[in-house]
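One structure is given below, encoded as structure tokens.
Residue numbers (our numbering): 1 to 190.
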């Protein structure tokens with residue numbers, strides 16, 4: 001699996017407001033760490049069992065992380081850098097991840113250390129037609145009456161295959177590998 005991480009902290013780069021809500025109220029943040037039953041309100045988690053399992057794992061009480069947002073989709077739009085997989089379909093997802101510990105949410109060093117260790121571990125993993133990218137970004141945490149700037153990570157994952165079903169199967173396999181790697185890296189931080 002191709003694995004990398006990037007840092008995007010420029011003024012024009014994507015950010016996250018926490019907690020977040022869509023302007024029309026149709027989608028919003030659910031605190032799955034403290035209210036796991038709210039998982040049933042996340043359409044992607046209801047529709048895609050593997051994503052549900054990942055969200056349960058990352059939001060488990062023993063995890064140092066929690067999720068903020070997610071999405072999943074399939075497409076036959078392959079970018080030039082993805083042509084190395086030699087497949088016409090991809091199944092993709094993203095999950096925005098936060099540290100549960102409040103102090104860690106504001107530590108660039110904690111985020112970067114986690115991503116370095118995670119990508120190093122994943123790069124030694126199995127060769128499968130998939131790619132994982134972790135992007136460190138700025139998060140605006142709304143706490144009480146103030147807003148504090150901290151960080152979060154967007155985890156992108158793509159599986160590639162000759163058709164949509166095979167691309168999803170490769171994605172699911174890669175998601176399992178990442179789930180295990182996250183558990184390993186996060187447990188060694190404690």
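Where is the CB? At the ideal position from N, CA and C, for every residue including glycine.
Which residues DSSP lists as bridging residue i, in chain order
i           : result
residue 186 : Answer is none; residue 186 lacks a bridge partner.
residue 147 : 142
residue 44  : Note: residue 44 sits in no beta bridge, so no partner.
residue 4   : 133
residue 18  : 141
residue 97  : 67, 153
residue 72  : 93
residue 28  : 21
Own chain partners of residue i with C-beta closer than 7 Å, once the 5 adjacent residues on each side are dropped
i           : result
residue 149 : 138, 140
residue 51  : 44, 45, 70, 72, 93
residue 76  : 88, 89
Residue i versus the options, residue with shortest Cα-Cα distance
i           : options            : result
residue 181 : 92, 168, 126, 146  : 126
residue 21  : 111, 164, 146, 142 : 142
residue 147 : 16, 12, 5          : 16
residue 98  : 46, 112, 124       : 112
residue 93  : 183, 134, 35       : 134
residue 84  : 25, 10, 1          : 1
Own chain partners of residue i with C-beta closer than 8 Å, once the 5 adjacent residues on each side are dropped
i           : result
residue 197 : This structure gives no information on residue 197, because the portion of the chain shown stretches from 1 to 190.
residue 101 : 64
residue 38  : 30, 31, 32
residue 41  : 30
residue 190 : For residue 190, the predicted structure reports a pLDDT of 43, less than 50, and the residue's modelled location is therefore unreliable. A value from the coordinates is still provided. Counting only Cβ-Cβ distances below 8 Å, and skipping sequence neighbours, we find 64.
Beta-carbon spacing of residue i, residue j below 7 Å
i           : j           : result
residue 157 : residue 175 : yes
residue 3   : residue 119 : yes
residue 132 : residue 178 : yes
residue 115 : residue 5   : yes
residue 55  : residue 67  : yes
Beta-carbon proximity list for residue i, same chain, < 6 Å, skipping 5 on both sides
i           : result
residue 167 : 89, 90, 91, 159, 160, 161
residue 70  : 44, 95
residue 110 : 104
residue 19  : 29
residue 82  : none
residue 123 : 3
residue 12  : none
residue 106 : 150
residue 173 : 128
residue 164 : 74, 89
Heavy atom of the ligand MN within 6 Å of residue i beta-carbon
i          : result
residue 16 : As for the ligand MN, it is missing from this structure, which has no ligand bound.
Cβ separation of residue i and residue j, assumed to be a contact under 8 Å, to the nearest whole Å
i           : j           : result
residue 117 : residue 185 : 5 Å
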